[in-house]
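Take a look at the structure set out below.
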Amino acid sequence: MKGYSVGILTLGCKVNQYESEAISEALESRGFEIRSSSERCDAYVINTCTVTAESDRKARQMIRRVMSKDENAYILVTGCYAQISPDAVAAIKGVDYVCGSSNKMSIVDKLCYLIENGKNETAEVCIPSLEDAPFECMSIKKFERTRAYVKIEDGCESKCTYCTIPKARGLIRSKPFSDVVNEVKALVTGGCYEVVLTGIETGSYGDDLENGEDLASLLCEIDKIDGIGRVRLGSLDPTVIKPDFVERIKGLRSIAPHFHLSLQSGSDKVLARMKRKYNSEQAMRSIQRLRDAMPDVKFTTDIIVGFPGETEEDFEASCDFARRAGFLMIHAFPYSKRKGTPAAEMKDQIPENIKKERVHILGEIGKDIRREIFDSAIEIEREVEVLFETYADGYVYGHTADFIEVKVKSDRAMHGELAIVKLVSHDGNICVGTLIKK
606 MKGYSVGILT LGCKVNQYES EAISEALESR GFEIRSSSER CDAYVINTCT VTAESDRKAR
666 QMIRRVMSKD ENAYILVTGC YAQISPDAVA AIKGVDYVCG SSNKMSIVDK LCYLIENGKN
726 ETAEVCIPSL EDAPFECMSI KKFERTRAYV KIEDGCESKC TYCTIPKARG LIRSKPFSDV
786 VNEVKALVTG GCYEVVLTGI ETGSYGDDLE NGEDLASLLC EIDKIDGIGR VRLGSLDPTV
846 IKPDFVERIK GLRSIAPHFH LSLQSGSDKV LARMKRKYNS EQAMRSIQRL RDAMPDVKFT
906 TDIIVGFPGE TEEDFEASCD FARRAGFLMI HAFPYSKRKG TPAAEMKDQI PENIKKERVH
966 ILGEIGKDIR REIFDSAIEI EREVEVLFET YADGYVYGHT ADFIEVKVKS DRAMHGELAI
1026 VKLVSHDGNI CVGTLIKK
């Protein structure tokens, strides 16, 4: 397949990013040239998301945009939107192949077939049932930046009333324990300093495995790898952070003191209507449990505002929770109706203007909390270890282990380098530091 170029476009989560990289590497192994999707390519792979209605719209827009570059290009569409709405994707003129969440790697063989036989007059749709789908075998060896995402789990068995992802991803399926460890070893050997273990429901890793293989035991095994740097985790449900889990991971040298919690709301009433598996008190206990074990730990979070029936009092409960939790960053986003979910049929839907206002308010609260965290770090002239990632306008940018973004003046790029930095100022979003030593 030498001489043929492919552009890969990815919407959505870190799992999708990982899967797109796995597809990319598999295509390269067949001789394809991977180009930027902004360029004219012989083929395009679009990996879609369906977490919100806006995600669906962007997926359709992306498909039409690449078609406008060259109507003869091969178009292959996969991902969660393709899984949930394959007919809608197939109806878009120019699409050649549609596959779902459990057979993404089929794209490689299918593209080879299309090149040998020509474009399809109508899209071929291949969406296997997710009921008994195994964990799809895939892995990566490369990473473009300083960190690599490693998918360890697929599927979700929660029944949150607002979410379509269980329908798009199926039941919990874990990557074999040894496969994860070997993949991380290969990445570390290749120079990767930071690995992010991610999944659709990362904390459920191992629920379908035997021999007591769970997330904590996986972290313990990865911690033994020679040369391992930082290990981060994808989004976690607060219920994962039980006393036993914290006790087992708190002494690991590689675990980064930063956790992203999928909180969704600080109101007990809203959490109950969402059918989340915890209340606000339980969530706060999880946060405090980790703080007691890791004093420097930082938390980031997702919060949905404007869920059906969310009163001003409910919203204020979320704001109060955010302040008490001291989140480094808050991803606040408006509730989006998803067809076929219980929440879409609930009464007391919140007007869009109120949702927008609440997103803004929570965003300002997040900025205030972040300033307080930065002020405290600068007041004590905190010295931190920074892994540098990018270079622009005379500054190198990177993150501390606890996920504070830092920039340092430099006359050269320091991509992938570690340095000790003293924090001296901030602009509310990024800390500015001076280089102490590499």
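When we follow this note's numbering, the leftmost residue of the sequence shown carries the number 606, and every step to the right adds one.
Every residue gets a Cβ at the ideal spot worked out from N, C-alpha and C, and that includes glycine.
field: DSSP three-state assignment for M951, whether helix, strand or coil
entry: coil
query: Are R774 and I805 touching if we call contact CB-CB under 8 Å?
result: yes
- request: Give the range of the beta strand (DSSP E) segment to which N652 is assigned.
  value: A648 to T653
query: Nearest CA to the CA of I854: which residue from R896, S870 and E799?
result: R896
- prompt: Should I1041 and K1027 be called a contact, given that it needs their Cβ atoms to be closer than 8 Å?
  reply: yes
task: Indicate whether H865 and T906 have their beta-carbon atoms separated by less than 8 Å.
output: yes
- prompt: From D919, C742, S859 and P781, pick the residue whose C-alpha is nearest to that of D812; which is it?
  reply: P781
message: Could you compute how far the alpha carbon of S734 sits from the alpha carbon of A687?
response: 13 Å
message: My output table needs one value for K1042: the three-state DSSP class, helix, strand or coil.
response: strand
- prompt: For I985, does the count of other Cβ atoms within 10 angstroms reach 16, so buried, or fall short, so exposed?
  reply: exposed
- prompt: When the distance is taken between beta carbons, is P913 closer than 8 Å to M951?
  reply: yes
- prompt: Where do the ends of the beta strand (DSSP E) carrying M934 lie?
  reply: M934 to P939
query: Which whole-angstrom value is the C-beta distance of T751 and E788, which I expect to be below 8 Å?
result: Contact flag wrong, Cβ pair sits at about 17 Å.
Sequence-distant residues of its chain with Cβ nearer than 8 Å to S1030 (five each side left out): I983, C1036 and V1037
field: 8 Å Cβ cutoff met for K764 and K880
entry: yes
message: Could you give the first and the last residue of the continuous beta strand (DSSP E) run that contains F864?
response: H863 to Q869
- prompt: Per DSSP, S610 forms a beta bridge with which residues?
  reply: E638
message: Could you compute how far the alpha carbon of I974 sits from the alpha carbon of L719?
response: 53 Å
task: Identify which residue in V671, A922 and S885 has its Cα closest to the Cα of D842.
output: S885
task: Helix, strand or coil for F850, going by three-state DSSP, please let me know.
output: helix
- prompt: Which one or two residues does DSSP pair with E1020 in a beta bridge?
  reply: The sequence shown places His at residue 1020, not Glu. DSSP output for H1020 lists no bridge partner at all.
- request: Would you identify the three-state DSSP class for F782, choosing helix, strand or coil?
  value: helix
task: Could you spell out the range, first to last residue, of the beta strand (DSSP E) harbouring L681?
output: Y679 to G684
field: Nearest neighbour of R894, chosen from V682, M1019 and K847 [CA to CA]
entry: K847
task: Alpha carbon to alpha carbon, how far is G871 from V713? Give it in angstroms, no decimals.
output: 44 Å
Span of the alpha helix (DSSP H), counted from its first residue to its last, around K960: E957 to E984
Three-state class that DSSP yields for I1025 in the structure shown: strand
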